[in-house]
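S.K.:
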Amino acid sequence: MEKIKEYKGIIIIVLIVILGAFYWFQLRPTNIKKSCSQQITIIPADVGVTKEQAEQNANEFEQCKLKYPAAPFRGSNPIYSIKFYQYMKDTENYTSETQKIELNKCEEISANTIERNPSPETKKVSKVLSENTYNRCLREHGL
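Each residue of the sequence shown is one higher than the one before, counting from 304 in the working numbering.
1. Could you check what DSSP says for Ile346 in three-state terms: helix, strand or coil?
2. Taking DSSP's pairing of strands, which residues face Val431 in a bridge?
3. I think Leu330 touches Tyr371, with their Cβ atoms under 8 Å apart; what is that distance to the nearest whole Å?
4. Helix, strand or coil for Ser280, going by three-state DSSP, please let me know.
5. For Ala361, which residues from the same chain have a beta carbon less than 8 Å from its beta carbon, with the 5 sequence-adjacent residues on both sides left out?
6. Looking at the strands, I want to know which residues DSSP matches up with Val352.
7. Throw me the rounded Cβ distance for the Arg419 and Gly323 pair, which I believe falls under 8 Å.
8. Ordered along the chain, which non-local residues of its own chain (more than five positions away) have a Cβ less than 6 Å from that of Gln450?
9. Compare the Cα-Cα distances from Cys440 to each of Ala348, Gln402, Asn334, Phe364 and report the closest residue.
10. Could you check whether the Cβ of Glu443 sits closer than 8 Å to any Cβ belonging to chain D?
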């Protein structure tokens with residue numbers, strides 16, 4: 304018992320080193336592998352879009368497309384990705400704040416032009432990642 308009291312400081316340091324090593328070599332890699340093995344997406348609850356709302360949004364979206372014909376809104380052909388880059392570059396330099404707000408509103412409206420049922424609860428969807436993505440994630444986290 305006296306030996307324990309005599310070497311109390313050394314025992315505490317040894318325990319801290321052992322616990323630190325256990326964390327670093329066991330718990331940390333396990334947590335990183337677990338978080339890198341799958342991607343969890345949270346899908347928030349959705350109030351849905353009624354047929355009338357969808358029609359109204361479609362009409363408003365048509366007005367947006369008329370007002371901003373060069374804007375590559377969601378659902379545009381992927382071929383226009385270079386145009387999108389050029390458009391965004393122009394938007395940053397020449398578009399007023401009011402126009403940027405209108406463009407964002409038009410983008411939001413474009414997502415609600417089709418009728419959909421409400422989804423009352425938040426869902427978690429997990430997706431298994433590819434091996435390349437998994438390995439990249441491990442490297443990014445130091446494994």
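Glycine residues also receive a C-beta, built at the ideal position from the N, C-alpha and C atoms.
M.R.: The answer reads as follows:
1. strand
2. Gln341
3. The Cβ separation is near 52 Å, so there is no contact.
4. For residue 280 there is no data in the structure shown, the boundaries of the chain being 304 and 446.
5. Answer for Ala361: Thr416, listed in chain order.
6. Arg419
7. With a Cβ gap of about 52 Å, Arg419 and Gly323 do not count as contacting.
8. An answer regarding residue 450 cannot be provided, because it is not within the stretch 304 to 446 covered by the chain.
9. Asn334
10. Within the model displayed, chain D is absent; a lone protein chain is all it includes.
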